[in-house]
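Read through the structure below, which is laid out as structure tokens, and then see the notes.
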Amino acid sequence: MGKIDQTYMWKVGQAVRAKRVESEIPLDPFTAGVYVATMMATVQTLREKGHPYSEICNESIIEAVDSLNPYMHARGVAFMVDNCSYTARLGSRKWAPRFDYILEQQAFVAIDNKEPGDKDVFAGFLSDPVHAALAACSEMRPAVDIFVGGEGSDVGVGAGGARTEYRSTVAKETAGTAA
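By the numbering used here, the letter at position 91 of the sequence shown is numbered 123, and the numbering carries on one by one without gaps.
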């Protein structure tokens with residue numbers, strides 16, 4: 033499976049991360065809305081498939097906030113994806129073009145045409161039962177502070193020190209002395 037960060041788009045992301053000043057990163061309302069809509073689509077899909085709220089909250093929202101977001105912020109989505117399970121890497125490659133199509137051909141076009149948002153969809157978001165489930169989950173979880181080193185860094189807890197190869201450290205060390 034090839035790496036996904038070799039095209040121009042991914043290289044731009046790497047350059048942007050290298051130059052950014054953390055305290056000056058703006059919050060773009062459209063980007064935030066797309067992110068929340070994506071999270072809610074995940075929540076709705078899991079609920080429709082019969083998953084319990086504890087799993088819905090953990091597998092979508094909590095995992096994103098505690099692990100995936102810091103990973104993407106520090107090293108980009110390509111690094112995050114390429115350090116996930118084989119199944120997740122395949123899934124991201126399968127769904128990325130579909131997600132891109134929905135954004136480029138539907139969402140961006142609607143925004144460019146100044147089409148009003150669907151008030152019923154927004155009301156459904158505000159009244160969704162996942163909010164109460166997340167509130168209950170957040171009361172039970174400890175404070176989490178994840179640090180992920182930036183580009184080229186192997187510093188960090190968990191995600192920051194993630195392996196980029198599959199051979200164990202012991203096997204590499206043994207191979208060097210076994211000749």
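Just so it is clear, CB atoms sit at the ideal spot from N, CA and C, and this is done for glycine as well.
Backbone CA spacing between residue i and residue j [nearest angstrom]
i	j	result
A64	V97	13 Å
A165	A155	18 Å
T74	K146	26 Å
P161	F140	28 Å
N17	I88	Outside the shown range of the chain, which is 33 to 211, sits residue 17, and nothing can be said about it.
M72	A47	30 Å
T70	L135	11 Å
T39	Y103	20 Å
E80	F157	15 Å
Q137	V66	14 Å
P174	A128	33 Å
G82	S117	23 Å
V153	S86	23 Å
Y133	K51	29 Å
P61	G149	14 Å
Check whether residue i and residue j have beta carbons under 8 Å apart
i	j	result
S99	L78	no
M33	R121	yes
I94	C169	yes
R49	G108	yes
D114	K43	no
Residue i burial status per 10 Å Cβ neighbour count (16 or more: buried)
i	result
A110	buried
D144	exposed
A142	exposed
M112	buried
A106	buried
Completely contained alpha helix (DSSP H) runs for the segment 118-165, where each covers 4 or more residues | Within the segment 118-165, the complete alpha helix (DSSP H) runs of at least 4 residues are 118-133, 140-144 and 151-158.
Entirely enclosed beta strand (DSSP E) segments - the segment 81-109, minimum 3 residues | If we require 3 residues or more, the segment 81-109 turns out to have no beta strand (DSSP E) run fully inside it.
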